[in-house]
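Numbering follows the UniProt record's numbering, with no gaps: position 706 of the sequence shown is 706.
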Amino acid sequence: MNAARAFRIDSTARPARRPARGSHGAAGQRLVPTVLAALLLLGGCAAPAQRPARPPVPDNPLISAGASLSDPEVARARNATAAPAAAPRDLGPLHVRVKVDGRDVDPADANLAAAATQAGAGASGADSVNLNFVDADLPSVVRALARYTSRNFVVDPRVKGKLTLVSEKPVDPNTAYDMLLGALRMQGVAVVEVNGVSRVVPEADAKLQGAPVTDGGGATAGGLVTRVFHLRYENATNLLPVLRPMIAPNNPINAYPNNNTLVVTDYADNMARIAKVIADIDNPDSLSADVIPVRYGIASDIASVVGGMMDTRGGNDASQQVTVAADPRSNSVLVRASNPARAQLARQLVTRLDNPQASAGNLHVVYLRNAQAVKLAGVLRGALTGQSDNRGASGGAGAGGGGNAAGGDYGGSPFRGGTSAVNTSQASATQNTMGGGANGASGSQRFGQGADNADRDAQGNAFSANGATITADPTTNTLIISAPEPLYRSLREVIDELDQRRAQVLVESLIVEVSSDDAAQFGIQWMFGGNGLNGNGTTVFGGTNLNGSGLNLSSSTATSIDALGTGLNLGIVKGTVDALGHQIINLGALARAMQGIQGTNILSTPNLLTLDNEQASIIVGQTVPFVTGSYVTSSGDGSSNPFQTIEREDVGLTLKLRPQISEGGTVKLDLYQEVSSIDDTATSTAGIITRKRALDTSVLVDDGQIIVLGGLLEDSGTDGTQSVPILGDLPLIGSLFRYTSRHRTKTNLMIFLRPHIVRSSQDSRRLTLDRYDYMRRVQDNARTPHSWPLPDVDSPQLPPLGTDAQPLSSRPLDLRPNAAGQTLSQDPPPTTTDTRVYPSTPRLPQPAASLDGLPAIASQARREENGGQALVLQIARADSQAQAQQIVQRVAGSGLRAYTQVAPGGAGVLVRTRVARDPATAGAAAELLTKLGYQPETIR
């Protein structure tokens with residue numbers, strides 16, 4: 001049976017100084033390891049209350065610097081030297097029980113010091129020890145475990161009390177440290193790791209000791225750490241009452257609203273639990289959001305009603321708040337709530353309110369993006385009533401003057417109101433269909449008088465047919481439709497198909513006119529006479545006066561040298577002769593010779609850009625007045641007031657066209673081109689004489705190809721001889737009595753045309769760059785060369801655009817006649833032919849493998865599609881068929897079957913799909929297409 005000895009450590013009296021080293025110093029040095037080993041190996045048990053108290057010992061019962069604890073003299077010396085005024089410090093009983101070879105050993109027994117030393121040596125080399133501290137002094141236990149765990153501890157002086165730490169099985173240093181942290185936490189004491197030193201401080205002050213800030217990893221288990229949580233979905237302030245009960249009362253938790261973060265200071269093992277709770281709460285599922293399509297009602301009205309019903313009437317409970325908003329573009333209601341039950345209630349209210357109305361008269365306002373409301377109203381009138389709207393057809397096509405804009409031949413001429421001849425009189429040839437008035441004086445119908453007509457026509461744009469009333473508002477470019485729901489949906493489908501962006505056409509026209517005018521004249525005029533004719537004598541005079549230009553001998557105004565004709569004039573003049581009451585030159589002889597050669601090269605390149613199937617015109621020239629009539633009015637005093645009526649006409653270059661783009665990229669052009677000028681060589685008593693060359697035709701040309709529209713080759717010659725009878729036929733001297741003239745005129749006129757289809761903004765950008773570069777080159781060629789006697793003249797220069805876009809062609813064709821050889825040596829522009837046949841019904845691709853989560857939606861959409869209850873969603877608009885097929889293949893992977901359709905006017909390819917006419921299915925399909933990167937639009 002093992003005998004047990006125990007000793008009690010009491011600190012009722014604190015010594016004032018350490019005793020001097022005595023004869024027992026060696027024994028004390030040997031006892032120190034023994035006591036440490038015994039304390040680390042096994043703990044003692046509490047002594048019975050009946051045991052007498054041992055004499056007080058120094059404050060440190062485990063380590064003695066110079067004497068043995070069992071020496072009575074040392075004990076008496078310490079008690080004698082202790083300060084009587086020092087307050088006693090009761091450390092509580094600490095019983096150390098040491099077992100050596102199965103026997104209880106008293107550490108104070110000097111005879112068993114060697115055995116205790118051996119046991120301590122064996123324990124120090126072991127991997128684990130048993131802890132058995134019962135009501136031990138807390139700082140003493142910390143110092144003991146500091147040696148065992150090889151850690152550095154700093155104990156706050158305020159940390160006091162007893163500590164019980166018992167292990168039933170041997171534990172390693174890490175487990176012993178964790179047990180110490182747990183026992184200290186229950187005592188309200190925390191351990192803070194700072195730079196390798198463990199600070200033992202009261203828990204209330206632990207947050208001020210520099211606890212490490214972690215991101216969830218690398219923290220010591222059981223230690224005090226600080227962590228910052230960034231919330232993405234939940235409000236940080238709302239989580240404070242949820243997390244506060246999970247954190248020790250002395251540890252803080254704070255919210256920073258500016259960036260929605262939480263700052264928590266707590267023990268590392270509890271921090272992991274807090275992080276798990278925050279991760280479960282802060283997720284998208286905590287906010288129940290849904291998009292509910294509205295089929296019958298108006299989304300904004302339903303959202304207002306549901307929002308008022310779900311209002312908490314000033315309540316501060318965030319969990320009961322519901323946000324309801326409307327999306328007018330898709331006519332949908334958006335519901336967002338943190339409480340799933342209230343979100344479900346809001347969805348049910350929206351569904352119940354979205355029901356068809358009993359009355360058959362809903363008003364709808366349709367905003368048009370590309371079409372004109374007045375024109376589209378006329379089209380819908382014809383679709384509903386079967387009657388054509390003549391006012392809308394003529395006004396919409398931009399043609400006036402009585403021409404039939406809808407006819408195949410446009411009334412004989414697509415631009416000149418019913419006349420089919422190319423060259424007509426001056427009044428009819430200048431009928432301006434763009435202005436709606438005669439002779440082109442009214443301007444364009446799009447402006448001026450045309451705008452007034454449009455305002456007057458707007459008053460009659462409302463009509464009713466088949467239960468539908470449609471009114472066009474040209475100011476806002478909208479259609480107001482009142483119709484039953486089925487009829488409105490049919491009309492809306494037609495409106496969406498017609499309200500598409502149309503392509504544009506740039507027409508480059510090249511007019512080349514080369515004329516040559518050669519003339520030659522030769523003749524002699526002569527006369528003789530006396531000094532005058534009077535009654536006192538007789539004088540003989542005579543001469544020749546041929547029709548050639550020169551001095552008119554019978555004219556009283558022929559006395560000026562300015563009356564000489566062009567060319568070389570040689571003559572002999574001897575004063576004047578008074579003949580027939582006129583003073584004329586006394587011309588002895590006049591010889592005149594003239595030869596003229598004139599050449600004209602006219603190169604005009606009018607370019608015009610217009611919308612598909614829209615008429616456009618360009619006029620470059622002068623407005624010349626023509627006298628159309630005159631009359632004289634008599635006043636009361638007998639005087640007369642002459643008046644003349646003048647009509648102004650455009651003289652110059654005129655180009656009018658209307659392009660129509662076909663499906664394959666071919667352009668049909670209705671074109672009228674006119675080149676007119678004033679003929680200076682011809683005179684008429686009726687007024688000015690003009691020369692005009694006009695072309696009125698319809699052609700078919702591919703995009704980017706050059707076509708010749710027409711040509712005129714005119715070669716005329718005139719030979720004339722005037723002579724005096726008999727005298728002019730005499731040899732040698734007959735030339736003195738003859739006047740000979742020759743005149744030859746040759747004119748070549750050719751017209752070339754090249755259209756370009758502009759479908760996108762990129763094409764428009766390239767077109768602008770091409771024209772801009774051309775003007776910069778023209779400016780460079782038109783610069784005034786340097787001349788030393790004259791100062792230099794600075795001319796403005798267009799700056800470079802600074803873009804990398806490419807022009808229309810890398811090597812444009814030069815169509816000027818002097819560059820014909822170079823132009824013919826170049827390769828022609830590339831020709832591409834792309835012909836496709838599109839069926840009347842949409843082509844649906846083969847079913848593709850559906851993505852996860854959508855097989856039910858796709859299958860339901862296909863079932864209802866076959867039943868005729870499908871909803872059409874427009875996915876995207878592609879520039880080419882190949883690009884559209886790529887979109888179809890990508891969408892096919894989601895389980896939705898997409899198909900392609902040519903956009904109206906050939907401006908691109910539309911990609912659409914059909915889904916079930918169900919709010920949940922349509923919403924899921926729209927959400928899926930949005931995730932794929934598209935912006936779906938509901939067509940019908």
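Every residue gets a Cβ at the ideal spot worked out from N, C-alpha and C, and that includes glycine.
When the options are compared against residue i, the one with the closest alpha-carbon
| i | options | result |
| --- | --- | --- |
| Arg-185 | Ala-146, Asn-251, Ala-465, Asn-130 | Asn-251 |
| Ile-480 | Met-271, Val-366, Ala-371 | Val-366 |
| Ser-515 | Val-225, Thr-747, Glu-203 | Thr-747 |
| Ser-604 | Phe-737, Asp-670, Thr-610, Ser-509 | Ser-509 |
| Thr-718 | Ser-741, Asp-301, Gly-728 | Ser-741 |
| Ser-622 | Thr-654, Asn-641, Ala-616 | The sequence shown places Gln at residue 622, rather than the Ser named in the question. Among Thr-654, Asn-641, Ala-616, the Cα nearest to that of Gln-622 belongs to Thr-654. |
| Val-620 | Asp-637, Ser-639, Lys-656, Asn-601 | Lys-656 |
| Arg-147 | Gly-161, Asp-135, Val-129, Leu-163 | Val-129 |
| Tyr-233 | Ala-289, Ala-272, Ala-183 | Ala-289 |
| Pro-606 | Tyr-267, Asn-477, Phe-133, Ile-511 | Ile-511 |
| Gly-923 | Gly-386, Arg-295, Gly-664, Ala-882 | Arg-295 |
| Arg-501 | Gln-885, Gln-935, Asp-879, Leu-231 | Asp-879 |
| Val-902 | Gly-664, Arg-738, His-743 | Gly-664 |
| Lys-692 | Gln-883, Val-701, Gln-673, Gly-161 | Gln-673 |
| Gly-908 | Ile-302, Val-701, Asp-780, Arg-759 | Arg-759 |
| residue 942 | Ala-882, Arg-877, Val-793, Ala-920 | With the chain running from 1 to 940 in the structure shown, residue 942 is simply not present. |
| Ser-338 | Asp-282, Val-379, Ile-302 | Asp-282 |
| Gln-372 | Thr-645, Leu-498, Leu-345 | Leu-498 |
| Ile-706 | Ser-140, Leu-736, Val-667, Gly-161 | Val-667 |
Beta-carbon proximity check, residue i vs residue j, cutoff 9 Å
| i | j | result |
| --- | --- | --- |
| Gly-308 | Asp-354 | no |
| Thr-507 | Leu-798 | Per the sequence shown, residue 507 should be read as Val rather than Thr. Their beta carbons are not under 9 Å apart, which means Val-507 does not touch Leu-798 by this criterion. |
| Ile-618 | Val-651 | no |
| Val-171 | Leu-138 | no |
| residue 957 | Val-333 | Because the chain is modelled from 1 through 940, residue 957 falls outside the range shown and cannot be assessed. |
| Ile-751 | Gly-711 | yes |
| Val-624 | Arg-648 | yes |
| Asp-517 | Thr-745 | yes |
| Val-911 | Thr-900 | yes |
| Phe-229 | Val-264 | yes |
| Val-194 | Pro-202 | no |
Residues sharing a beta bridge with residue i, DSSP
| i | result |
| --- | --- |
| Glu-663 | Paired residues: none, contrary to the question. |
| Lys-162 | Asp-137 |
| Val-632 | Pro-642 |
| Ser-787 | Partner(s): none; Ser-787 has no beta bridge. |
| Ala-923 | The residue asked about is misnamed: residue 923 is Gly in this sequence, not Ala. Bridge partners of Gly-923: none, in fact. |
| Glu-478 | Checking the sequence, you will find Thr at residue 478 rather than Glu. Tyr-367, Asp-473, per the DSSP bridge assignment. |
| Ile-619 | Thr-654 |
| Glu-647 | Phe-626 |
| Leu-695 | Gln-673 |
| Asn-607 | Glu-508 |
| Pro-755 | Val-507 |
| Leu-712 | Leu-749 |
| Gly-717 | Arg-744 |
| Leu-151 | Going by the sequence as given, residue 151 is Arg instead of Leu. BP columns for Arg-151 are empty, so no partner. |
Neighbourhood of residue i by C-beta, 8 Å cutoff - its chain only, sequence neighbours within 5 removed
| i | result |
| --- | --- |
| Gly-467 | Ala-360, Ala-483, Pro-484, Leu-487 |
| Val-154 | Val-197, Ser-198, Arg-199, Val-200 |
| Thr-237 | Ala-255, Pro-257 |
| Arg-783 | Ser-795 |
| Thr-930 | Pro-936 |
Same chain only: Cβ atoms within 7 Å of residue i, ignoring 5 sequence neighbours per side
| i | result |
| --- | --- |
| Leu-240 | Ile-253, Ala-255 |
| Tyr-631 | Phe-643 |
| Thr-424 | Here the model assigns Thr-424 a pLDDT of 33, short of 50, so the residue's position is not dependable, and the following value carries that caveat. Closer than 7 Å at the Cβ level, and outside the excluded window around Thr-424, lies no residue. |
Residue i: CB within 8 Å of a non-hydrogen atom of the ligand GDP
| i | result |
| --- | --- |
| Thr-745 | Absence of the ligand GDP from the depicted structure is noted, as is the absence of any ligand whatsoever, leaving it without description. |
Own chain partners of residue i with C-beta closer than 6 Å, once the 5 adjacent residues on each side are dropped
| i | result |
| --- | --- |
| Pro-212 | Val-225 |
| Thr-351 | none |
Segments of 3+ residues assigned as beta strand (DSSP E) that fall wholly inside the segment 189–277: 189–194, 197–202, 224–230, 253–256, 261–267
Whole alpha helix (DSSP H) elements within the UniProt domain "NolW-like" (291–358), 4-residue minimum: 299–309, 340–353
Residue ranges of each beta strand (DSSP E) within the segment 884–915, 3 or longer: 898–902
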